[in-house]
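Colleague: One structure, pasted below without further comment.
2 protein chains.
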Amino acid sequence: MGIVAAGITTSLDGYIVGPNDGPGQGLGERGERLHYWVFGGPWSYEEEPRGQATGADKEFLDQGIARGGALVIGRNMYEAAEAWGGRNPFGAPLFVVTHRPEDEPPDAGFTFVEGLDEAIARAREAAGDKDVAIGGGADVIRQALRAGYVEELSISIAPVLLGGGKRLFEGFDQDLTLEHVSLLQSPFATHITYRVVR
Amino acid sequence: MGIVAAGITTSLDGYIVGPNDGPGQGLGERGERLHYWVFGGPWSYEEEPRGQATGADKEFLDQGIARGGALVIGRNMYEAAEAWGGRNPFGAPLFVVTHRPEDEPPDAGFTFVEGLDEAIARAREAAGDKDVAIGGGADVIRQALRAGYVEELSISIAPVLLGGGKRLFEGFDQDLTLEHVSLLQSPFATHITYRVVR
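If you read the protein sequences in the order shown, they are chains A and B. Heads up, the first sequence stops at 186 in our numbering, and the numbers go up one at a time, no gaps. Heads up, the second sequence stops at 186 in our numbering, and the numbers go up one at a time, no gaps.
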């Protein structure tokens, strides 16, 4: 059986997006740098990013893709990504945690579910022997950590201080011991993976 | 000429100490885990830690010691460390930033100075060709980043979520681009060093 793994990118000061995130600047002001690693280098909101991850970044992504049997994300992240243009691009079932499951678009490869527990249960079933990957946003990852679902936690730290925005661990008040599992370094991110110790 | 390098340990959720730090628990509740890497493994407030850093942790410490010609720390850190028993143990001049330089103890190897600018200026002079190392606490590091003094920033991330305490980047609102320089990994910490891009 697979595990439940959560992963997200933050700045060194712990923000998942910079200040004033919203339409046209999904990662906040000057937040593009958070995802340089995803697109193989610098890009900006002005133009659609076209690049691809390379080197250690590609290795990190490929590992996740190889292991992931189903994905869980929050509604905010789905909206921020503008539903990836209207179709699930991940090649694996994607469950969106939302208060309004009735908003699920037909035939787009997204399954809207009410609440994290249901999302995890259905994703586990869909994933079979593979992992359930929780991709964010921050709130869903905090909920999943609190509920004890997360067995592995990966943080991709981008080499930037944003000085504002939304913190991954804002309001998170649990004490958890982690165990270092693996590390990948590129010019654009430090990908650290931990096992969550029970 | 050497550079000005700042370094400090944080939890993965960005705290330099856990909740309720104070006498007898300098790193806050359950904060000992932040410094497992310093002492070669687990220790607790109940007993004086006796261990020594090993492996990648020792390498990281030794690099800092080899390069450091003078140290700058804040008064809070000096007090939290209980003045290292009353004598500067570092084998290099140590400047303590304080509002009350008249509190300097005689013949103990500590130089109390009023304000960060003076501390950096005097430390640079004392360091000669070597580096000035800013060791914390959080407030002194934030001040030094804001003032543009910090050329290299090292964060040692301990594999723990503390869920509360004092955040390194609390109230820090500058946007800074960093460049990854080096990385050392042990079971007890991920030591990441960045160059601060001007």
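Just so it is clear, CB atoms sit at the ideal spot from N, CA and C, and this is done for glycine as well.
For a cutoff of 8 Å on Cβ pairs, would you count B/I180 as touching chain A?
Modeller: yes
Colleague: Taking its Cβ as the centre, do 16 or more other Cβ atoms sit within 10 Å of B/G116, making it buried, or is it exposed?
Modeller: Counting other Cβ atoms within 10 Å of its Cβ, B/G116 stays below 16 and is therefore classed as exposed.
Colleague: Determine the burial state of B/D127: buried for a count of at least 16 other Cβ atoms within 10 Å of its Cβ, exposed for fewer.
Modeller: buried
Colleague: Contact defined as beta carbons within less than 8 Å: I believe B/V148 pairs with A/T165. What is the distance between those atoms, to the nearest angstrom?
Modeller: 6 Å
Colleague: Taking only the alpha-carbon atoms, compute the straight-line gap between A/T86 and A/R63 and give it to the nearest angstrom.
Modeller: 5 Å
Colleague: Taking only beta-carbon atoms, is B/L22 less than 8 Å away from chain A?
Modeller: no
Colleague: Under a CB-based cut-off of 8 Å, is B/E139 close to chain A?
Modeller: Interface flag for B/E139 against chain A is unset, since no Cβ pair is found closer than 8 Å.
Colleague: Report the residues of the segment 156 to 181 of chain A with a CB closer than 7 Å to any CB of chain B, ordered along the chain.
Modeller: F157, F160, D161, Q162, D163, L164, T165, L166, E167, H168, L171, Q173, P175, T178, I180
Colleague: Return the chain-ordered ranges of every alpha helix (DSSP H) run that is complete within the segment 85 to 162 of chain A and spans a minimum of 4 residues.
Modeller: 104 to 115, 126 to 134
Colleague: Below 7 Å between beta carbons is the criterion; list the residues of the segment 0 to 17 of chain A that meet it against any residue of chain B, in chain order.
Modeller: L0, D1, G2
Colleague: Indicate whether at least one CB of chain B lies closer than 8 Å to the CB of A/I129.
Modeller: Not a single C-beta of chain B is nearer than 8 Å to the C-beta of A/I129.
Colleague: Considering only DSSP beta bridges, list what A/E167 is partnered with.
Modeller: A/R183
Colleague: Helix, strand or coil for A/I(-9), going by three-state DSSP, please let me know.
Modeller: coil
Colleague: Whether or not the segment 136 to 155 of chain B and the segment 1 to 13 of chain B are in contact is what I'm after, with contact meaning three or more pairs of Cβ atoms, one per stretch, closer than 8 Å; do they touch?
Modeller: yes
Colleague: For the putative contact between B/Q162 and B/R134, defined by C-beta atoms under 8 Å, what is the C-beta separation to the nearest angstrom?
Modeller: Contact flag correct, Cβ pair sits at about 6 Å.
Colleague: What are the start and end residues of the alpha helix (DSSP H) that includes A/Y66?
Modeller: Looking at the DSSP string, the run of the alpha helix (DSSP H) that includes A/Y66 is 63 to 68.
Colleague: Go ahead and label A/V120 buried or exposed: buried means 16 or more other beta carbons lie within 10 angstroms of its beta carbon, across all protein chains shown.
Modeller: buried
Colleague: Count the other C-beta atoms from every protein chain shown that fall within 10 angstroms of the C-beta of A/G159, then say buried if there are 16 or more, exposed otherwise.
Modeller: exposed
Colleague: Keeping to the same chain, check which residues put their C-beta closer than 7 Å to that of B/S174; ignore five residues upstream and five downstream.
Modeller: Here the set comprises W25, G43, A44, D45.
Colleague: Closer than 9 Å, Cβ to Cβ, to anything on chain A: give me those residues from the segment 140 to 154 of chain B, in chain order.
Modeller: Going along the segment 140 to 154 of chain B in chain order, one finds L141, I143, I145, A146, P147, V148, L149, L150, G151, G152 with a Cβ nearer than 9 Å to chain A.
Colleague: Find out if the Cβ-Cβ distance for the pair B/I(-4), B/I129 is shorter than 8 Å.
Modeller: yes
Colleague: For A/A58, write down the residues that DSSP places opposite it in a beta bridge.
Modeller: A/V120
Colleague: Measure the beta-carbon distance from A/L82 to A/L59 and round it to whole angstroms, keeping in mind my assumption that it falls under 8 Å.
Modeller: 4 Å
Colleague: May I ask you to report which of helix, strand or coil DSSP gives A/G79?
Modeller: Three-state result, A/G79: coil.
Colleague: Short of 7 Å in beta carbon distance, which residues of its chain neighbour B/G6, apart from the five on each side in sequence? Order them along the chain.
Modeller: Excluding positions up to five away in sequence, the list reads L15, G16, E17, R18, G19, L150, G152, G153.
Colleague: What's the call for A/M65, buried or exposed, on a 16-neighbour Cβ count within 10 Å?
Modeller: buried
Colleague: Pick helix, strand or coil for B/S13, following the three-state DSSP scheme.
Modeller: Strictly speaking, residue 13 of chain B in this sequence is Gln, with Ser absent from that position. In the structure shown, B/Q13 sits in a strand (DSSP, three-state: E or B).
Colleague: So for B/L172, helix, strand or coil by DSSP?
Modeller: Looking at B/L172 - three-state DSSP - the assignment turns out to be strand.
Colleague: To the nearest angstrom, how far is the alpha carbon of B/A68 from that of B/G(-10)?
Modeller: 28 Å
Colleague: Within the 8 Å Cβ cut-off, does B/A115 reach chain E?
Modeller: Absence of chain E from the displayed structure is noted, the protein chains being A and B.
Colleague: If you draw a straight line from the C-alpha of B/R32 to the C-alpha of B/R21, how long is it?
Modeller: For the sequence presented, residue 32 of chain B should be read as Ser rather than Arg. Cα to Cα, B/S32 sits roughly 8 Å from B/R21.
Colleague: A/S142 and A/H179: beta carbons closer than 8 Å?
Modeller: yes
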